[in-house]
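Working notes, beginning with the structure itself.
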């Protein structure tokens, strides 16, 4: 199993929207960055990810599971763009903010710290466990 982080602007698609989709989940569409797309192409069924609110909140607010592997983005006119489907697993008991992540020396090499603009990014197993612990999420 691998771990990921999915960034979303809560005004466009927030954690509550993801929860509302239930077990059916939702396409993680609209990604128009080659590196983020390529990360989605690496994902496998059952991989886990953090759901991260960008913009003002800038925090991990829940965990998700990949329920469909890479396939064409149904909202793209260009066949180069793929997406995966994810479903909500668990909400964070304590949102883990970007400031908290940056302040934790164990997370200094996290992609989110080094390249905060990337909308889909890998998370190491150690980073996963640390943030799950801080958020009160099941690892």
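Numbering (full-length UniProt numbering), first residue to last: 1 to 139.
Beta carbons: idealized from backbone N, C-alpha and C, even for Gly.
| Asked | Found |
| --- | --- |
| Using 8 Å as the cut-off, can you tell me whether the stretch 65-76 makes contact with the stretch 93-109, which would need three or more C-beta pairs spanning the two stretches below that distance? | no |
| Roughly how many angstroms separate the alpha carbons of residue 92 and residue 102, rounded to a whole number? | 18 Å |
| Let me check understanding here. Comparing Cα to Cα, which of 15, 39, 43 and 83 lies closest to residue 63? | 15 |
| When DSSP labels each residue in this structure, what does residue 121 get in the three-state scheme? | strand |
| Between the Cα of residue 99 and those of 122, 90 and 112, spot the shortest distance and give me the residue it belongs to. | 112 |
| Given a cut-off of 7 Å, decide if residue 60 and residue 96 are closer than it, judged by their beta-carbon atoms. | yes |
| For residue 41 and residue 133, I'd like the C-alpha separation in whole angstroms. | 28 Å |
| Is it right to say residue 56 is buried, meaning 16 or more other beta carbons lie within 10 angstroms of its own, or is it exposed? | exposed |
| Count the other CB atoms, across all protein chains shown, that sit within 10 Å of the CB of residue 52; report buried if there are 16 or more and exposed otherwise. | buried |
| Going by CA-CA distance only, name the one from 116, 86 and 32 that's closest to residue 44. | 86 |
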